[in-house]
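> If you count the sequence shown from 1, you need to add 214 to reach our numbering. For each residue, glycine too, the CB sits at the ideal point set by N, CA and C.
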Amino acid sequence: MTHEQVVPVCYRHPRRETHVKCVRCDRPICPDCMNEASVGWQCPECVTEGRRTVRQARTAFGGSMRGRTGLVTKVLVGVNVAVFLIGLLVSLTGGGGAIRNVLLGGMTEFHLYGAVFPGPYIQLNNGQFAAFGIADGEYYRLVTSMFLHYGIIHLAFNMYVLWIIGRYLERDLGPLRYLGLYLVSGLGGGVATYLFADPMSFAAGASGSIFGLFGALLLVNRRLSRDNSGLYVLLGINLFITFLPGSNISITGHIGGLVTGLLLGWALSHAPRENRNLIQAGAFVAVIALFAAAVIWRTGQLLSAVPFT
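#1: CA-CA distance, Phe498 and Gly403?
#2: Does the region 355 to 374 come within contact of the region 413 to 430, defined as at least 3 CB pairs closer than 8 Å?
#3: Out of curiosity, what's the CA-to-CA distance linking Ile379 and Leu476?
#4: Looking only at its chain, what residues have a beta carbon closer than 8 Å to the beta carbon of Asn491, apart from the 5 residues adjacent to it on each side?
#5: Tell me where the alpha helix (DSSP H) around Phe324 begins and ends.
#6: Looking at C-alpha atoms only, which residue of Asn435, Gly254, Leu458 and Phe298 is the closest neighbour of Gly320?
#7: Per DSSP, which residues does Lys235 bridge with? Please list them.
#8: For the alpha helix (DSSP H) holding Gln337, just list the boundary residues, first then last.
#9: On the DSSP letters alone, give me the boundaries of the beta strand (DSSP E) that Phe343 sits inside.
#10: Find out if the Cβ-Cβ distance for the pair Leu376, Asn294 is shorter than 9 Å.
#11: Quick one: what does DSSP say Val221 is sitting in, helix, strand or coil?
#12: Compute the beta-carbon to beta-carbon distance between Thr407 and Ser464, rounded to the nearest angstrom, for a pair I have assumed lies under 8 Å.
#13: Taking a contact to mean a Cβ-Cβ separation below 9 Å, would you say Leu409 touches Ala508 in this structure?
#14: In or out: Leu516 buried (at least 16 other Cβ within 10 Å) or exposed?
#15: Kindly give me the distance between the Cβ atoms of Leu338 and Ile348, rounded to whole angstroms, as I take these residues to be in contact under 8 Å.
#16: Using a Cβ-Cβ cut-off of 8 Å (strictly less than) and excluding sequence neighbours within five positions of Asn315, which residues of its own chain qualify?
#17: Sort Met360, Ala417 and Phe428 by Cα distance to Arg381 and report the nearest one.
#18: For Asn392, does the count of other Cβ atoms within 10 angstroms reach 16, so buried, or fall short, so exposed?
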């Protein structure tokens with residue numbers, strides 16, 4: 215009686231003999247299927263499975279490390295500049311006065327239909343009144359206003375500050391949390407203006423979003439034991455300009471954005487590791503719900519005060 219020795223073959227290539235086995239699943243693998251591991255070799259399936267189970271690196275606050283590229287900040291700057299350029303192109307059909315308004319900070323069609331304007335009516339040149347503004351249902355203004363600017367200086371200053379602090383905060387929070395912070399802070403500035411500003415006034419700009427970034431970065435830096443002295447100086451300069459007499463700046467928009475940024479920044483930087491994503495998301499939902507309730511209340515107040523029917 216004889217015993218024939220069975221030569222092992224690759225489990226993926228049955229015609230190839232091999233004496234090497236995967237260190238994880240113990241299946242024989244040929245040179246084409248061998249993937250070097252810290253010890254021995256692994257088959258393609260075990261390598262793929264290992265990649266799935268490896269936890270991706272996260273920031274200190276649970277965000278993706280992709281924020282290191284600063285992509286969201288670049289996109290936000292690009293969108294703001296693009297909106298300004300579109301407004302400039304549109305103004306070319308309106309003559310020199312319209313172009314000057316875009317460049318030097320005057321009123322344009324974009325501001326008329328995109329800036330925060332509480333309303334709910336506006337008085338026309340002929341003395342008549344027309345339904346107009348957020349209280350008339352134009353709630354989109356709370357979003358579009360944060361991408362409009364009064365003149366090239368307004369745009370340049372805001373984009374400069376956004377570029378300085380935005381990239382650092384995006385790196386710390388990750389792109390998704392950072393974008394949410396930017397948008398909801400801008401919304402907070404718009405809602406504050408809607409609540410407290412003159413119903414017949416217009417307001418626009420990314421300043422609410424940027425002040426929100428200031429507030430959040432203060433808390434993030436403090437949580438990471440960083441020096442905030444330079445940030446305090448930059449924030450102080452911006453607050454000084456905000457309250458400068460005759461500056462014609464929306465104080466409510468800036469303060470509303472700052473307070474929103476502080477609230478969300480606290481939730482983002484102090485949420486415990488356990489259930490961190492849920493707590494952070496809950497903070498955003500709670501703030502947005504608060505804004506919605508405030509807008510509903512203010513709308514009712516403005517509509518009840520209309521001096522005509």
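Result, derived from the coordinates:
#1: Your numbering for residue 498 matches position 284 in the sequence shown. Your numbering for residue 403 matches position 189 in the sequence shown. Approximately 15 Å between the Cα atoms of the pair.
#2: yes
#3: Counted from its first residue, the sequence shown places residue 379 at position 165. Counted from its first residue, the sequence shown places residue 476 at position 262. Straight-line Cα distance between these residues: approximately 15 Å.
#4: As a working mapping, residue 491 is identified with position 277 in the sequence shown. If we look at Asn491 and ignore the five residues flanking it on each side, its Cβ neighbours are Gly276.
#5: Locating residue 324 in the sequence shown gives position 110, where the first residue counts as 1. It spans Glu323 to Gly328 - the alpha helix (DSSP H) in which Phe324 sits, taken as one unbroken run.
#6: Taking the first residue of the sequence shown as 1, we reach residue 320 at position 106. Of the listed residues, the one whose Cα sits closest to Gly320 is Phe298.
#7: Locating residue 235 in the sequence shown gives position 21, where the first residue counts as 1. According to DSSP, which records beta bridges pairwise, Lys235 is partnered with Pro242.
#8: Position 123 of the sequence shown holds residue 337. Unbroken run through Gln337 is the beta strand (DSSP E), Tyr335 to Gln337; no alpha helix (DSSP H).
#9: Here residue 343 is taken as the residue at index 129 of the sequence shown, counted from 1. Phe343 -> beta strand (DSSP E) spans Phe343 to Ala345.
#10: Taking the first residue of the sequence shown as 1, we reach residue 376 at position 162. Taking the first residue of the sequence shown as 1, we reach residue 294 at position 80. Contact: yes.
#11: Indexing the sequence shown from 1 puts residue 221 at position 7. Coil, per DSSP.
#12: Position 193 of the sequence shown, counted from the start, is the residue given in the question as residue 407. Position 250 of the sequence shown, counted from the start, is the residue given in the question as residue 464. Confirmed, Cβ separation roughly 6 Å.
#13: Numbered from its first residue, the sequence shown carries residue 409 at position 195. Numbered from its first residue, the sequence shown carries residue 508 at position 294. Yes, the Cβ-Cβ distance between Leu409 and Ala508 is below 9 Å.
#14: The residue given as residue 516 occupies position 302 in the sequence shown. By the neighbour-count rule (16 or more Cβ atoms within 10 Å), Leu516 is buried.
#15: The count along the sequence shown starts at 1 and reaches residue 338 at position 124. The count along the sequence shown starts at 1 and reaches residue 348 at position 134. 18 Å between Cβ atoms; not a contact.
#16: In the sequence shown, the residue the question calls residue 315 occupies position 101. Ser305, Met321 and Thr322.
#17: Here residue 381 is taken as the residue at index 167 of the sequence shown, counted from 1. For the residues Met360, Ala417 and Phe428, the minimum Cα distance to Arg381 belongs to Phe428.
#18: The sequence position of residue 392 within the sequence shown is 178, counting from 1. Residue 392 is actually Tyr in this sequence, not Asn. Buried.
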